[in-house]
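Inspection log for the structure reproduced underneath, given as structure tokens.
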Ligand code: ATP
Ligand code: MG
């Protein structure tokens with residue numbers, strides 16, 4: 001079977017790093033690539049950042065590889081995550097030999113709930129100068145993220161699973177979150193630790209090596225995974241996945257980087273590593289491992305883009321990675 005992979009480069013360096021990742025995927029698998037448009041440049045032409053056609057193609061494809069959108073990021077990525085039915089945002093943050101990092105011993109994977117929490121958009125101004133926000137935590141979504149997180153830890157060899165919460169203050173909502181996680185853990189015989197999210201932020205900074213998979217409600221996952229990005233040295237290295245029931249979207253954590261767009265010097269590693277996550281998701285585990293080790297060996301001793309202190313171009317680095325495969 002030939003899987004269909006939708007490719008949406010978007011704006012800025014998305015147009016440079018997505019083709020780089022496609023050339024790597026093309027070297028190890030036999031996908032049918034379909035390209036579609038989204039982002040600022042589409043809005044400028046048509047008035048809409050995300051054409052219906054792109055949305056529908058993402059829903060129909062086996063997986064989507066997305067680059068970045070500039071000003072229109074929220075108008076593009078939020079609906080695209082919905083198009084693939086994503087309930088889990090998977091964000092690995094690990095350091096690489098040869099790449100300078102604040103905490104070189106970091107190997108973390110954040111499993112962030114991707115549908116509810118404070119991101120439901122239920123906000124109001126109930127009086128002059130008085131505003132409210134409703135936080136939604138359901139047993140269904142919490143169990144789903146817990147099941148995904150425990151399974152991810154088992155399949156990827158992580159012994160430590162931590163569940164972030166703030167149930168001492170948000171007693172009802174995070175109380176529900178913890179109860180749901182506990183039910184899943186008991187049914188599956190999984191071990192884990194609960195951690196207050198504020199204290200966890202500090203511990204991750206001081207002793208990241210003591211943690212592995214971190215299962216989080218939506219906002220906590222957003223903030224803690226950015227903190228971890230800071231530990232490993234640079235946005236140019238961080239991939240992510242938005243996983244649904246039978247579809248998924250893969251994207252670098254970084255944005256469109258307008259300051260370097262068009263210069264051909266963007267680091268393609270984050271998007272190529274997102275491509276490795278895509279391979280894994282579609283059942284190409286061996287190919288995913290091959291891509292990862294090619295990226296690692298180029299990061300360690302190959303050409304580097306300026307963000308990592310080198311003077312190589314996106315194309316030089318991509319060619320070196322393809323050579324390693
Ligand atoms: P956006 O609004 O699209 O998020 P931004 O200005 O926030 O754009 P980011 O893409 O989030 O830019 O990047 C923040 C900084 O990190 C920029 O200085 C950018 O050049 C740098 N950066 C991000 N991604 C890469 C990459 N792949 N290679 C090199 N530098 C990068
Ligand atoms: Mg940004």
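Residue numbers (the UniProt record's numbering): 1 to 325. Idealized CB from N, CA, C, for every residue including glycine.
{"Query": "Residue ranges of each alpha helix (DSSP H) run of no fewer than 4 residues wholly in the region 25-108, ordered along the chain?", "Result": "40-46, 52-60, 73-83"}
{"Query": "Just how far apart, CA to CA, sit residue 282 and residue 41?", "Result": "30 Å"}
{"Query": "For residue 123, write down the residues that DSSP places opposite it in a beta bridge.", "Result": "133"}
{"Query": "Quick check on this structure: which residue in 208, 93, 76, 142 has the alpha carbon closest to the alpha carbon of residue 53?", "Result": "76"}
{"Query": "Specify the secondary structure class of residue 113 as computed by DSSP and reduced to three states.", "Result": "strand"}
{"Query": "Please return the same chain residues whose Cβ sits closer than 7 Å to the Cβ of residue 220, not counting the five positions on each side in sequence.", "Result": "164, 197"}
{"Query": "Measuring only from the beta carbon, is residue 41 closer than 6 Å to any heavy atom that is part of the ligand ATP?", "Result": "no"}
{"Query": "For residue 262, does the three-state DSSP call read helix, strand or coil?", "Result": "coil"}
{"Query": "Looking at the ligand ATP, does it come within less than 6 Å of residue 233, judged from the CB to the closest heavy atom?", "Result": "no"}
{"Query": "Could you have a look at residue 208 and say whether DSSP puts it in helix, strand or coil?", "Result": "helix"}
{"Query": "Could you tell me the boundaries of the beta strand (DSSP E) in which residue 118 lies?", "Result": "Premise fails: residue 118 is in no beta strand (DSSP E) and is neither H nor E."}
{"Query": "Which partner residues does residue 162 have in the DSSP bridge list?", "Result": "193, 214"}
{"Query": "Just to confirm, are residue 37 and residue 2 a CB contact at a threshold of 7 Å?", "Result": "no"}
{"Query": "Run the proximity test for residue 266: is its beta-carbon closer than 6 Å to any non-hydrogen atom belonging to the ligand ATP?", "Result": "yes"}
{"Query": "Residues bridged to residue 251 by DSSP?", "Result": "240"}
{"Query": "Return the Cβ separation of residue 66 and residue 249 in integer angstroms, given the expectation that the two are a contact with Cβ distance under 8 Å.", "Result": "6 Å"}
{"Query": "Can you tell me the Cα-Cα spacing of residue 261 and residue 307, whole angstroms?", "Result": "13 Å"}
{"Query": "When you compare only the Cα positions, how much space is there between residue 270 and residue 237?", "Result": "4 Å"}
{"Query": "With a threshold of 6 Å (Cβ to nearest heavy atom), would residue 310 be considered close to the ligand ATP?", "Result": "no"}
{"Query": "Tell me whether residue 240 counts as near the ligand ATP, meaning its Cβ is closer than 6 Å to at least one heavy atom of that ligand.", "Result": "no"}
{"Query": "What's the call for residue 246, buried or exposed, on a 16-neighbour Cβ count within 10 Å?", "Result": "exposed"}
{"Query": "Residue 133: which of 141, 140, 121, 139 sits nearest, CA to CA?", "Result": "121"}
{"Query": "So is the beta-carbon of residue 259 under 6 Å away from any non-hydrogen atom of the ligand ATP?", "Result": "yes"}
{"Query": "To the nearest angstrom, how far is the alpha carbon of residue 179 from that of residue 212?", "Result": "21 Å"}
{"Query": "Looking only at C-alpha atoms, which of 73, 288, 233 sits nearest to residue 299?", "Result": "233"}
{"Query": "Which partner residues of residue 10 appear in the DSSP bridge assignment?", "Result": "68"}
{"Query": "Can you find a heavy atom of the ligand ATP that lies under 6 Å from the Cβ of residue 230?", "Result": "no"}
{"Query": "Taking C-beta to C-beta, are residue 16 and residue 314 nearer than 7 Å?", "Result": "yes"}
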